[in-house]
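Sequences listed follow chains A and B, in order.
With the numbering used here as the guide, the letters of the first sequence map in order to residues 155 to 265.
With the numbering used here as the guide, the letters of the second sequence map in order to residues 144 to 313.
Backbone N, C-alpha and C define an ideal beta-carbon position, used for all residues, glycine too.
Only one structure is covered here, and it is reproduced in the block below.
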Amino acid sequence: MTQGQVQLVVSNTETIPGMTIVQSLGLATGSTVRAKHIGKDILAGFKNIIGGELKAYTELLSEARNEALNRMLADASARGANGVVNVRFATSSVAGGAAELFAYGTAVVVQ
Amino acid sequence: MAEVANGGDVLGMFLAIGIPLLLTFGPISFSAIYGSFYQKGKMNKLLEREKGVGGAFKDPITNLSKPIGNKKILNSSLMWESVVIGPSWWQMLLGWIGSLFGGRLNAFTDIYDWARREALQRLREKIISSNFDDIINLRIETSMMSSSNKSKDKTAAMEIVAYGTAVKYE
């Protein structure tokens, strides 16, 4: 994964496979809050009659999660890290129809 | 003349009962019948895809934090895939009735099982298309997307995200 000029290695394991961690730089976090789109909401409401995947929401949340992840990477590279380990995702629904997507991990220097 | 009026009456009666009935039970029966066909079709497609990639015995996905054996890892990357799923009106009705008595809710089991397997299958296809060998340290997160109870929005949606570290062996 790339963020700006710096190449960051991202992993959700405690170490990066095939590399050694030299230094830990603390927690890197990124979050975003997205609300449902009214037009997509109506389409999703129709889709809800027969059930199944709500593609509009899948796309919406994918976009939002990418943004949260990119913010986390920006945070990590601002600390001078070249890797993020033990990345976790969390989602919570805020007020009606809005969701907060949150990504966090430990910023590290790897060799 | 009397017969024509009689015929009109019968038709009128038929419409007077038929249209409200259709409006009341039409959508829910459409949901039950077409929804079950649609969901079965999706499940069959998923089963086909699972035979092609992964499957029970050559599954590239594990939730171990290290790959089994002493394979050397060339590079790795975080990968994730998600599915947002909504049960049909019919399933929600069945679920509501079931929740009065408690116990097993078969209506939801199938669709949530499908969604979770679909997310995993997408992850398998993604690592293969981006030239990785395996996924390690898989995590599955589930979150509800439905709005608060007070709102009029009846859309019920659940998001399933599967993520892990994709690795490439030497």
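Using a 10 Å radius around the Cβ and a threshold of 16 neighbouring Cβ atoms, would you call residue i buried or exposed?
i                 : result
Lys-301 (chain B) : Looking at the sequence itself, residue 301 (chain B) is Met, so the reference to Lys does not match. The residue in question, Met-301 (chain B), is buried, as its Cβ has 16 or more Cβ neighbours within 10 Å.
Asp-152 (chain B) : exposed
Thr-212 (chain A) : buried
Gln-161 (chain A) : exposed
Ala-244 (chain A) : exposed
Phe-111 (chain B) : This structure cannot settle anything about residue 111 (chain B), because the visible part of chain B is limited to 144 through 313.
Ile-192 (chain A) : exposed
Using 7 angstroms as the limit for Cβ to Cβ distance, is residue i near chain A?
i                 : result
Gly-178 (chain B) : yes
Thr-252 (chain B) : no
Tyr-181 (chain B) : yes
Ile-216 (chain B) : yes
Thr-205 (chain B) : no
Ser-174 (chain B) : yes
Ser-219 (chain B) : yes
Ala-300 (chain B) : yes
Ser-123 (chain B) : No answer is possible for residue 123 (chain B): the residues shown for chain B start at 144 and end at 313.
Thr-308 (chain B) : yes
Ile-303 (chain B) : no
Can a CB atom of chain B be found closer than 7 angstroms to the CB of residue i?
i                 : result
Thr-212 (chain A) : yes
Ser-165 (chain A) : yes
Val-239 (chain A) : no
Thr-245 (chain A) : yes
Leu-215 (chain A) : yes
Gly-172 (chain A) : yes
Would you say residue i faces chain D, with C-beta separation under 7 angstroms as the test?
i                 : result
Gly-169 (chain B) : No chain D is present in this structure, whose protein chains are A and B.
Between the region 225-237 of chain B and chain A, which residues of the former have a C-beta closer than 7 angstroms to a C-beta of the latter? Those residues of the region 225-237 of chain B that come within reach of chain A (Cβ to Cβ, closer than 7 angstroms) are Ser-225, Val-226, Val-227, Ile-228, Gly-229, Pro-230, Ser-231, Trp-232, Gln-234.
Taking 8 angstroms as the threshold, find out whether the region 170-179 of chain A comes into contact with the region 221-237 of chain A through three or more Cβ pairs. Contact between the region 170-179 of chain A and the region 221-237 of chain A is present, because at least three Cβ pairs lie under 8 angstroms.
Which runs of the alpha helix (DSSP H) spanning at least 4 residues fall entirely within the region 227-263 of chain B, listed in chain order? 232-244
Within 9 angstroms of chain B by C-beta, residues of the region 196-209 of chain A in sequence order: Ala-198, Gly-199, Lys-201, Asn-202, Ile-203, Ile-204, Gly-205, Gly-206, Glu-207, Leu-208, Lys-209
Quick one, which residues of the region 260-292 of chain B are near chain A if we go by CB-CB under 7 angstroms, in chain order? Cβ contacts with chain A: Ile-279, Asn-280, Arg-282, Glu-284, Ser-286, Met-287, Met-288, Ser-290, Ser-291.
Should the region 246-264 of chain B be called in touch with the region 179-194 of chain B, which here means at least 3 C-beta pairs below 8 angstroms? yes
Interfacial residues, the region 178-192 of chain A to chain B, with Cβ spacing under 9 angstroms: Lys-190
For the region 151-166 of chain B, list every residue whose C-beta sits within 7 angstroms of some C-beta in chain A, in sequence order. none
How do the region 232-246 of chain B and the region 163-182 of chain B stand: do at least 3 beta-carbon pairs fall below 8 angstroms, yes or no? Inter-segment contact for the region 232-246 of chain B and the region 163-182 of chain B is present: three or more beta-carbon pairs are separated by less than 8 angstroms.
Is the region 152-166 of chain B close to the region 198-207 of chain A, with three or more CB pairs under 8 angstroms? no
Would you check if there are 3 or more beta carbon pairs closer than 8 angstroms linking the region 208-222 of chain B to the region 304-312 of chain B? yes
Can you give me, in chain order, the residues of the region 185-196 of chain B that have a beta carbon less than 8 angstroms from any beta carbon in chain A? Lys-185
Could you name each continuous alpha helix (DSSP H) segment of 4 residues or more that falls completely within the region 186-249 of chain A, going from the start of the chain to the end? 192-204, 209-232
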